[in-house]
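Trainee:
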Amino acid sequence: MSREQAEQALDEWRATRDPDTEPELEAIRLAILLEDVLGVPLSDDDIDLAVLSDPDAVADLLARKGGR
Numbered sequence: 151m152s153r154e155q156a157e158q159a160l161d162e163w164r165a166t167r168d169p170d171t172e173p174e175l176e177a178i179r180l181a182i183l184l185e186d187v188l189g190v191p192l193s194d195d196d197i198d199l200a201v202l203s204d205p206d207a208v209a210d211l212l213a214r215k216g217g218r
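So the sequence shown is numbered by the numbering used here: it starts at 151 and just counts up by one.
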């Protein structure tokens with residue numbers, strides 16, 4: 151997966167994000183989006199909002215785990 155594809159997936163998440171939601175819930179929502187859109191199952195350790203909201207970190211994560 152390229153950085154551009156990761157950025158596109160994150161843009162979709164940002165468009166639906168509720169800024170008043172707890173960060174932990176947002177991390178779970180983002181993890182579900184990435185699993186559904188990119189086809190990569192994430193472990194509990196992977197579900198970290200600081201990491202999952204960074205396009206470069208997402209691209210690195212998907213390179214390690216494989217994706218669509």
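Virtual Cβ for every residue (Gly too), placed ideally from N, Cα, C. Only a predicted model underlies this, so the values are computations on that prediction, with no experimental measurement involved.
Have a look at LEU199, LEU192 and GLY216 and flag the residue whose alpha-carbon is nearest the alpha-carbon of THR171.
Mentor: That would be LEU199, whose Cα lies nearest to the Cα of THR171.
Trainee: Could you check if LEU175 is buried or exposed, using at least 16 other CB atoms within 10 Å of its CB as the buried criterion?
Mentor: Under this definition LEU175 is an exposed residue.
Trainee: Assuming LEU160 and PRO191 are in contact, meaning their beta carbons sit under 8 Å apart, how far apart are those beta carbons, in whole angstroms?
Mentor: Contact doesn't hold; Cβ gap of about 18 Å is too wide.
Trainee: Can you look up GLU185 in the DSSP assignment and give me helix, strand or coil?
Mentor: Note: GLU185 maps to helix in three-state DSSP.
Trainee: If I measure Cβ to Cβ from LEU202 and keep anything under 7 Å in the same chain, skipping five residues before and after, which residues do I get?
Mentor: Result list for LEU202: ALA177, LEU180, ALA181, LEU184 and VAL208, in chain order.
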